[in-house]
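S.K.:
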Amino acid sequence: MKLYKLLYAVGAIALSSGFAACSEDDMFKEDAKQAFIMGSNDKDCLTVTGKSGVVWKSRMSNDTIYIQISPNVDPEEELDSIVPKFYISKGATVSPDPSLPQQFWKEGGVRYTVTSGDGEKTASYVVTHGLTDLLEDGGGFSLGLPQNTNVLFTSLGYPGEQANYNFADSRQYGDLNGYVAYCGHDHIVLMAAQYSDPQFDSPELKVQDESLSFKVFNASDLSQAGNLNIGSFKLSEIRTITSDWNGVLVALVNTNGTSALYYWTSYSSAPKLVGQLPELMGTATNGSNYLQVAGDIFGQANVTTGAGADADGSHYMIHIENGSITDTQIITTGYASNDCNGFQMISPLKPEPNSSYLVGDGEGGSNTNNTIRVYANTYKGATKVIMPNVLQNIWESWWVGTGASLARGGARRPYVSAMYINGKYYAAIMNGTAWWWHNDIAEIDDLLTRVNNGDGTAGAFSVNCAWSFGGSCDWYYDPEIKEAYWVHYVDRYGMSTVRLTCYE
301 MKLYKLLYAV
311 GAIALSSGFA
321 ACSEDDMFKE
331 DAKQAFIMGS
341 NDKDCLTVTG
351 KSGVVWKSRM
361 SNDTIYIQIS
371 PNVDPEEELD
381 SIVPKFYISK
391 GATVSPDPSL
401 PQQFWKEGGV
411 RYTVTSGDGE
421 KTASYVVTHG
431 LTDLLEDGGG
441 FSLGLPQNTN
451 VLFTSLGYPG
461 EQANYNFADS
471 RQYGDLNGYV
481 AYCGHDHIVL
491 MAAQYSDPQF
501 DSPELKVQDE
511 SLSFKVFNAS
521 DLSQAGNLNI
531 GSFKLSEIRT
541 ITSDWNGVLV
551 ALVNTNGTSA
561 LYYWTSYSSA
571 PKLVGQLPEL
581 MGTATNGSNY
591 LQVAGDIFGQ
601 ANVTTGAGAD
611 ADGSHYMIHI
621 ENGSITDTQI
631 ITTGYASNDC
641 NGFQMISPLK
651 PEPNSSYLVG
661 DGEGGSNTNN
671 TIRVYANTYK
681 GATKVIMPNV
691 LQNIWESWWV
701 GTGASLARGG
711 ARRPYVSAMY
721 INGKYYAAIM
731 NGTAWWWHND
741 IAEIDDLLTR
751 VNNGDGTAGA
761 FSVNCAWSFG
771 GSCDWYYDPE
781 IKEAYWVHYV
791 DRYGMSTVRL
801 TCYE
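So the numbering used here is basically just the index in the sequence shown, starting at one, shifted up by 300.
1. For Cys322, which residues of its own chain have a beta-carbon under 7 Å away from its beta-carbon, when the five flanking residues on both sides are left out?
2. Spatial neighbours of Thr449 within its chain, please: C-beta separation below 6 Å, excluding the five flanking residues on both sides.
3. Does the Cβ of Asp740 have 16 or more other Cβ atoms within 10 Å, making it buried, or fewer, making it exposed?
4. Would you call the region 614-630 in contact with the region 684-699, where contact means no fewer than 3 C-beta pairs closer than 8 Å?
5. Suppose you measure from the CA of Ser666 to the CA of Val685; what does that come to, to the nearest Å?
6. Which ranges does the beta strand (DSSP E) cover as unbroken runs of at least 3 residues, wholly within the region 420-450, from first to last along the chain?
7. In this structure, does DSSP put Ala314 in helix, strand or coil?
8. How long is the line joining the alpha carbons of Val807 and Ala551, rounded to whole angstroms?
9. Helix, strand or coil for Tyr562? Go by DSSP, reduced to three states.
10. What is the rounded straight-line gap between the Cα of Ser670 and the Cα of Thr702?
11. Which residue spans inside the region 374-418 form an unbroken beta strand (DSSP E) run of at least 3?
12. In whole angstroms, what separates the C-alpha of Gly557 from that of His487?
13. Can you confirm whether the region 413-425 touches the region 392-404 when touching is taken to mean that 3 or more C-beta pairs between the two stretches lie within less than 8 Å?
14. Ordered along the chain, which non-local residues of its own chain (more than five positions away) have a Cβ less than 6 Å from that of Ala609?
15. Count the other C-beta atoms from every protein chain shown that fall within 10 angstroms of the C-beta of Met301, then say buried if there are 16 or more, exposed otherwise.
16. Excluding the five sequence neighbours on either side, which residues of its own chain have a C-beta within less than 8 Å of the C-beta of Asn753, listed in chain order?
17. Applying the criterion that 16 or more other CB atoms from any shown protein chain within 10 Å of the CB defines a buried residue, is Leu528 buried or exposed?
18. Using DSSP bridges, identify the partner residues of Asp740.
19. Using 8 Å as the limit for Cβ to Cβ distance, is Arg539 near chain B?
20. Contact defined as beta carbons within less than 8 Å: I believe Ser476 pairs with Phe453. What is the distance between those atoms, to the nearest angstrom?
21. Let me know if Val603 comes out buried or exposed under the rule of 16 or more other beta-carbons within 10 Å of its beta-carbon.
22. Indicate the three-state DSSP secondary structure (helix, strand or coil) for Leu649 in the structure shown.
23. Report the residue from Leu577, Gly350, Lys782 whose alpha carbon sits nearest the alpha carbon of Thr605.
Listed below in C-alpha cells is the structure:
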C-alpha cells in the first residue's frame with residue numbers, strides 16, 4: 301500500500317473565550333481515525349485522463365464513483381489501462397496502488413479500499429464509468445460526432461462515377477443540384493433538382509427521372525428507404541425543401557402560377573398545405589433557390605426564400621402563427637445578390653416576428669479566393685457581426701482567406717443555416733475553395749469561433765467543386781434527449797451526418 305497525504309492551506313485561527321486550541325498531536329490522532337476518498341459528498345472526487353487526452357471528471361453515489369464520459373466515446377477504448385487521480389484522508393493508505401493503470405471499462409469496475417492511519421477503519425469504493433451530465437438549458441451543445449461520413453453520391457443510388465468528368469451529362473459525376481432535409485427524426489430526403497427539373501442551368505438535359513428526383517434515406521445509416529410521396533404535384537413544381545426545428549419536412553411548391561408551402565410529417569404521407577403565398581417564389585433556374593425555417597411549422601415560425609437577384613439583396617420573410625401564414629414581407633440585406641456568381645441566402649434566427657438573420661453571400665469575382673462573406677443582420681438590415689477575413693490557420697491551415705465562391709451561376713456557397721440548440725444560437729456554414737468543401741459550425745456572436753471542438757463536426761471534402769451547383773444542409777434539435785442532428789450534401793461528392801450532444 302502507498303501513503304498519500306493531502307496538502308492543506310492553513311489560515312489564521314481566531315480563538316475566543318469558550319474555545320480551546322487542540323494540540324498538533326490531538327489533530328493527528330483525529331486524522332488517523334479517518335478513512336475516505338476526498339469529495340465523498342460532492343462531484344469531481346476523482347479524475348482520469350482518457351486515451352483521447354480528454355480529462356474526465358466523476359461523481360459519487362454512496363460507495364460508487366462514476367467516471368463521467370461522453371456518450372460519443374467508447375468506454376473500452378477510452379478507459380483501458382488508465383491511472384486515476386484522487387485524494388484520501390490524511391494519514392490513510394489505499395489499495396490497490398492508485399499509480400497502477402486499471403481497466404475502468406470492465407463490468408463491475410475497480411474496487412479501492414482506504415484504510416485509516418491507525419488501521420481501525422476502512423472504506424471501500426467501486427470506480428466504474430457513467431455518462432457526463434447534461435448541460436443546463438442555454439448551454440448549447442458540447443460535442444459532435446460524425447455518424448456517416450463521406451458517403452459518395454454513387455453510394456446513394458445515383459448513376460455515374462465520382463470524379464470522372466468525362467461524361468457529357470454532368471449528372472453522371474454528381475451535378476445533382478441537391479437539396480437535403482430531414483423528414484421526421486428517422487429519415488432524410490435528398491431532392492436532386494437536375495432530375496426533377498433538368499431545365500436548371502442545363503437546358504440540354506430534357507429527361508426527368510422520378511426514381512432519382514426525391515430519394516429517402518434512413519438517418520441512422522444513410523441506407524435507402526424509399527421515395528417521397530409527392531402527391532399530385534409534378535416533379536418540377538417542388539422548387540426546394542428544408543425542415544423546421546423539429547424535423548418536419550417543408551417545401552416551396554409552385555403550381556398554376558402561384559406559390560405555396562407544404563409539409564410532410566413522414567415521407568410516405570401525402571403533402572399537406574401550410575398556406576398559399578401572395579407572390580410567385582422560387583423561380584430561379586440557375587441553382588440559387590433555397591428555403592429556411594426557424595421555429596415550429598405548426599406553431600410559430602419564420603420562413604425565408606429568395607426574392608430574385610438584385611442590387612439590394614432582396615429576400616422574402618414569411619411569418620407563421622398557429623400553423624397559418626399571417627404575413628409576407630420583402631427584406632433587404634444591404635448587400636447585392638446579383639454580383640459574383642449570383643447567390644445569396646438568409647436564414648432567420650428566431651421564430652418571432654421581425655427576426656434577425658444570417659446572410660451567406662459571395663462577393664467579388666466568382667471562383668475567386670477570399671470572396672465568401674457571412675453576416676448577422678438585424679431585421680432592418682443593419683449588420684451586427686461579420687465573419688472575419690482571418691480563417692487561415694484558425695479553421696484550417698490550408699484555408700484561403702474566407703473561402704472561394706463557385707463559378708456556376710447561382711451555385712450555393714456559402715450555404716448558411718442558423719441553428720438553435722439547447723437555448724443557444726449557432727451558424728452552420730458550408731464553405732471551401734475550388735478543390736475543397738468545408739462544413740463548420742461557428743459561434744453566432746463572432747462568426748469566427750469554431751465550436752466543433754476538433755471532434756469531427758467539420759467535414760473537409762476534396763473534390764473539384766468549382767463548377768458544381770454547390771451544396772445544402774439541414775438540422776433539427778430534439779429537446780427531450782438534448783441532441784441535434786446535422787446533415788449536409790455536397791454536389792459531386794455526397795452526404796454525411798453529424799450528431800451534436802449537449803453533455804458536459
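All residues carry an ideal CB built from backbone N, CA and C; glycine is no exception.
M.R.: Reading off the structure:
1. Locating residue 322 in the sequence shown gives position 22, counting from the first residue. Any answer about Cys322 is weak, because its pLDDT of 44 lies below 50 and its placement is not dependable; what the coordinates show is given next. Around Cys322: no qualifying Cβ.
2. Along the sequence shown, one-based indexing puts residue 449 at 149. Answer for Thr449: Ser796, listed in chain order.
3. For the purposes of this step, residue 740 is identified with residue 440 of the sequence shown, where counting begins at 1. Buried is the call here.
4. no
5. Mapped onto the sequence shown, residue 666 falls at position 366. Mapped onto the sequence shown, residue 685 falls at position 385. Whole-angstrom Cα-Cα distance: 24 Å.
6. 422-431
7. Within the sequence shown, residue 314 is the residue found at index 14, counting from 1. In this predicted model, Ala314 has a pLDDT of only 28, less than 50, meaning its place in the structure is not dependable; the value taken from the coordinates is given anyway. Here Ala314 sits in coil by DSSP.
8. The first residue shown for the chain is 301 and the last is 804, placing residue 807 beyond what the model contains.
9. Counting from one through the sequence shown, the residue named residue 562 turns up at place 262. DSSP places Tyr562 in strand when its eight states are reduced to three.
10. On the sequence shown, position 370 is the one that residue 670 refers to. On the sequence shown, position 402 is the one that residue 702 refers to. Rather than Ser, the amino acid found at residue 670 in this sequence is Asn. Their Cα atoms are separated by approximately 5 Å.
11. 384-386, 393-395, 410-415
12. Numbered from 1 along the sequence shown, position 257 holds the residue referred to as residue 557. Numbered from 1 along the sequence shown, position 187 holds the residue referred to as residue 487. So the alpha carbons of these two residues sit roughly 31 Å apart.
13. yes
14. For this step, residue 609 is matched to residue 309 along the sequence shown. These residues qualify, in order along the chain: Ser637, Asn638, Gly642.
15. Counting from one through the sequence shown, the residue named residue 301 turns up at place 1. Interpretation of Met301 is limited by its pLDDT of 37, a score under 50 that renders its predicted location unreliable; the figure taken from the coordinates is listed afterwards. Exposed, by the Cβ-count rule.
16. Working through the sequence shown from its first residue, we reach residue 753 at position 453. Bear in mind that the predicted position of Asn753 carries a pLDDT of just 48, short of 50, making it unreliable; the figure below should be weighed with that in mind. Ser442, Leu443, Gly444, listed in sequence order.
17. Start at 1 with the first residue of the sequence shown, and residue 528 comes out as number 228. Flag for Leu528 reads buried.
18. Along the sequence shown, one-based indexing puts residue 740 at 440. Asp740 pairs with Ile729.
19. Among the chains in the structure shown there is no chain B, since it carries only a single protein chain.
20. In the sequence shown, the residue the question calls residue 476 occupies position 176. In the sequence shown, the residue the question calls residue 453 occupies position 153. The question names Ser, but residue 476 in the sequence shown is Leu. With a Cβ gap of about 7 Å, Leu476 and Phe453 count as contacting.
21. The sequence position of residue 603 within the sequence shown is 303, counting from 1. That one is buried.
22. Within the sequence shown, residue 649 is the residue found at index 349, counting from 1. Here Leu649 sits in coil by DSSP.
23. Within the sequence shown, the letter at position 305 stands for residue 605. When each option's Cα is compared against that of Thr605, the closest is Leu577.
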